[in-house]
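Chains as they are written, first to last, in our numbering: chain A, 165 to 287; chain B, 165 to 287.
The beta carbon of each residue, even a glycine, is placed where N, CA and C say it ideally should be.
Taking it in order: structure first as C-alpha cells, then the write-up.
Protein chains: 2
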Amino acid sequence: MPKQVAPLAIIDLTADAPCCPPLAKRRVPAETAAVLAPAFKALGDPVRLQLMSMIASAEGGEACVCDLTPAFDLTGPTISHHLKALREAGLVDAERRGTWVRARPAILRQLAALLTVEPTPAG
Amino acid sequence: MPKQVAPLAIIDLTADAPCCPPLAKRRVPAETAAVLAPAFKALGDPVRLQLMSMIASAEGGEACVCDLTPAFDLTGPTISHHLKALREAGLVDAERRGTWVRARPAILRQLAALLTVEPTPAG
DNA sequence: GGACTGTCTTGACATCCGTCAAAGCAGAGA
DNA sequence: TCTCTGCTTTGACGGATGTCAAGACAGTCC
Numbered sequence: 165m166p167k168q169v170a171p172l173a174i175i176d177l178t179a180d181a182p183c184c185p186p187l188a189k190r191r192v193p194a195e196t197a198a199v200l201a202p203a204f205k206a207l208g209d210p211v212r213l214q215l216m217s218m219i220a221s222a223e224g225g226e227a228c229v230c231d232l233t234p235a236f237d238l239t240g241p242t243i244s245h246h247l248k249a250l251r252e253a254g255l256v257d258a259e260r261r262g263t264w265v266r267a268r269p270a271i272l273r274q275l276a277a278l279l280t281v282e283p284t285p286a287g
Numbered sequence: 165m166p167k168q169v170a171p172l173a174i175i176d177l178t179a180d181a182p183c184c185p186p187l188a189k190r191r192v193p194a195e196t197a198a199v200l201a202p203a204f205k206a207l208g209d210p211v212r213l214q215l216m217s218m219i220a221s222a223e224g225g226e227a228c229v230c231d232l233t234p235a236f237d238l239t240g241p242t243i244s245h246h247l248k249a250l251r252e253a254g255l256v257d258a259e260r261r262g263t264w265v266r267a268r269p270a271i272l273r274q275l276a277a278l279l280t281v282e283p284t285p286a287g
C-alpha cells in the first residue's frame, strides 16, 4: 500500500482559503494533522480561548495587551506566555514589541472548515 | 463498578443547536471557555485529530477500534487512551466495551460555529 | 464450561504545560 | 540622556500528558 502522500505536505496557513476538506468528509492525513493540531491545541486552554476571542472580537481584530491582562487573575508574564503560544500557533500576530496583537482570521477559517459537518441527514 | 464518568455534565453539548455565537463576534465568557476548551484540547493532538477524522468520515460515523489501531505506529493501550480522551471530551461515543466508536457531530458543529469568521470584508 | 481474541485499565516514566518571581529590554516623556 | 512604565524572557516548580508494559476483563467459538 503506497503511503499516498497528499500534495499538501506543507500547508500554507497564511493562505486565505480553506486548505482542507472537512474532517468528517475525508480522513485527515498525518501531515495535515501535524500542522493543524497545534492550532487546536493552542485553543485548548480556557485562558487562550478567551484571549483569542477578545482579540478577534475587538475593533479591527486588534487588541492591546494592556486591555487583555487585567481581564484575568493571572500575572503579566503568564498572559505573555499564552499570547506567545497563540502567536506560535499562527492564530495571532504581534507588532512592535507585542503591545498590539492582531487576530489572523484565515487560520480560524481553516479550523472551522475542518470541523464543518453537514446538517444531520435524517435526525 | 465501572467509573464511566459522565462527560460534560456542565453544559449540554449534546444539543444539536450551536450554543454560542462565533468567537470573533462576541467575547467568549469564562464558563463557555472552560467547557469548550477541553474539546479543542482533545483535538490538539495529531493522533486524536486523525482518529476523530477516521471515525467521523467512516460509514455512518462509526468505526471499529480494530480498524483504527493499525493505522498508527502506536500500541493498543495508547490508542485506547486517546479514544478515552475523545470520549471524555464528548467528541465520540462508545458502545459496549468500546469495540465501536461513534462520532458526535453536534459537538463538531458547535466548535465550528465558534470558529466561524465572516469572509474578509475587503480583502 | 473452557480457551482464545481483542479491548480496557493500571502503574510507571519521561516529557510537556501552566504558573509565578525575577531580570532584561524597548518606547515614552521630561 | 535619564528615568519610568510595561511587555517579554528566563529559570524554576508542581501538575498534567503521552507512551508503553503488564494485567484484567468481556465476548466469541469450540
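Between Lys248/A and chain B, the shortest Cβ-Cβ separation is not below 9 Å. Going by beta carbons, Phe204/B and Lys205/A fall inside the 9 Å limit.
For Val211/A, the nearest CB of chain B lies under 9 Å from its own CB, placing it at the interface with that chain. In summary, Arg190/A is exposed, with fewer than 16 beta-carbon neighbours lying within 10 Å of its beta-carbon over all protein chains present. Distance check between Ala198/A and each of Leu255/B, Gln214/B, Thr239/B and Thr233/B places Gln214/B closest, using alpha-carbon atoms only. The C-beta distance from Leu238/B to Met216/B rounds to 15 Å, too long to meet the 8 Å contact threshold. Just measuring C-alpha positions, the residue of Val211/A, Leu278/A and Thr280/A sitting nearest Ser244/A is Val211/A.
Residue environment: Cys184/A is assigned as buried (16 or more neighbouring CB atoms within 10 Å of its CB, all protein chains considered).
Annotation: Pro234/A to Ala222/B spans about 45 Å, alpha carbon to alpha carbon. Sequence-ordered contacts of the region 273-284 of chain A with chain B read Arg273, Leu275, Ala276, Leu279, Thr280, Val281 and Thr284 [C-beta pairs closer than 7 Å].
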